[in-house]
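Convert by adding 50 to the 1-based position in the sequence shown; the result is the number in this note's numbering. All C-beta atoms in this analysis are idealised placements derived from N, C-alpha and C, irrespective of residue type, glycine included. Let me begin by presenting the structure, written as structure tokens, before commenting on it.
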Amino acid sequence: MADRDAVPVIEISHLWTTLGSAIVHRDISLEVRPGEVLAIIGSSGGGKTTLLREMLGLQQPSNGRVQVFGRDLTRLSPIERKLMPTRCGVVFQNGALFSALSVFDNVALPVREVHWWPESLLEDLVLATLQETGFDPVDAYKLPAELSGGMVKRVALARALVLEPDLLFLDEPSTGLAPDQRHAVTQLIAQLKREFDLTVVIVTHDVDTLIALADRVAVLADQHLLTIGPLDEVARYPHPFVRSFFLEQAGRCEQHRIVEFRSELERMHS
Ligand SMILES: Nc1ncnc2c1ncn2[C@@H]1O[C@H](COP(=O)(O)OP(=O)(O)OP(=O)(O)O)[C@@H](O)[C@H]1O
Ligand SMILES: [Mg+2]
């Protein structure tokens with residue numbers, strides 16, 4: 051659980067992003083606390099992936115500051131930049147495995163980029179990490195094209211965790227999976243968070259994932275950070291995006307008692 055008074059793992063101050071002539075983010079400030087799971091929701095094309103890329107230092111905001119582990123990402127030394135993947139793991143939207151590399155080589159890649167390890171040790175580490183994410187090591191020499199959607203997510207998680215990071219970014223980790231696989235991946239993330247003692251930033255549009263994982267939810271809409279807080283508070287925030295997001299999944303909101311009845315949701319947002 052998050053420690054409210056501890057130094058934030060991520061601190062975003064007055065961030066603006068302009069891509070071409072479009073403003074994607076206007077004056078966004080937020081922090082991620084150590085040990086918490088912060089979920090980001092927002093409309094498609096609303097700038098969630100872009101914000102993750104900015105937290106990872108893969109993309110520069112047009113204005114404002116992003117600090118990770120107390121360091122301004124624009125001021126990292128080359129060695130700090132090189133070592134960042136040892137502290138931050140990421141599962142990109144759709145898994146983003148290298149299609150020409152085997153499962154083993156995909157997971158080994160981050161290790162090979164920062165350490166020289168004897169092959170036998172590397173093999174132990176990669177196979178053990180695959181096992182942690184519920185991927186059968188027997189399939190470690192398959193190519194990504196030979197895997198099911200659920201297996202791709204498990205490999206992507208193993209690649210993100212192989213360097214034992216403190217901070218994990220997940221961009222839509224359960225999207226595109228059948229409901230049972232979605233549930234399994236969500237449970238796996240909860241388990242890995244505990245085992246690896248992670249702070250997690252997750253982009254999702256799935257209420258079940260929010261319920262199972264999120265300590266706080268941040269809503270991006272109309273280029274702004276609309277609201278951030280516990281799920282039941284966010285669900286009551288009066289805004290058309292929030293209304294349609296939760297009404298579309300009202301059955302599951304009721305089931306989990308985020309709100310008692312669909313009519314309550316409708317009344318709150320009428
Ligand atoms: N490299 C780029 N150059 C120009 N525009 C871009 C670039 N990357 C993203 N965009 C635009 O920035 C906006 C935000 O995109 P982003 O991928 O961050 O949205 P998203 O919230 O992750 O969407 P989705 O839910 O569909 O994944 C979109 O309008 C997109 O077209
Ligand atoms: Mg995205």
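- The residue from 295, 100, 272 with its alpha-carbon nearest to that of residue 219 is 100.
- For residue 81, the uninterrupted beta strand (DSSP E) run begins and ends at 72-82, by DSSP.
- In this structure residue 147 does not touch residue 212 by the C-beta definition: roughly 13 Å separates them, more than the 8 Å allowed.
- In the displayed model, residue 137 falls within a helix according to three-state DSSP.
- Restricting attention to alpha helix (DSSP H) runs no shorter than 4 residues, the region 107-155 encloses them at 128-137, ordered along the chain.
- Remark: C-beta atoms of residue 202 and residue 139 do not approach each other more closely than 8 Å.
- Look at residue 216 here: in three-state DSSP terms it is coil, with no helix or strand label.
- In this structure the region 65-79 lies against the region 265-285, because at least three pairs of beta carbons, one per stretch, are closer than 8 Å.
- Around the beta-carbon of residue 191, fewer than 16 other beta-carbon atoms lie within 10 Å, marking it exposed.
- Per DSSP, reduced to three states, the secondary structure at residue 87 is strand.
- Here DSSP, grouped into helix, strand and coil, assigns residue 195 to helix.
- Residue 170 sits in a helix when the DSSP states are folded into three classes.
- Taking C-beta atoms under 8 Å as the contact rule, residue 157 and residue 179 qualify, at a distance of about 6 Å.
- Look at residue 294 here: in three-state DSSP terms it is helix.
- Here the alpha carbon of residue 294 sits roughly 18 Å from the alpha carbon of residue 279.
- A distance below 6 Å between beta-carbons, with the five flanking residues on each side excluded, links residue 65 to the following residues of its chain, in chain order: 75, 78, 111, 114.
- Around the beta carbon of residue 181, fewer than 16 other beta carbons sit within 10 angstroms, so the residue counts as exposed.
- The straight-line gap separating the alpha-carbon atoms of residue 252 and residue 123 is approximately 20 Å.
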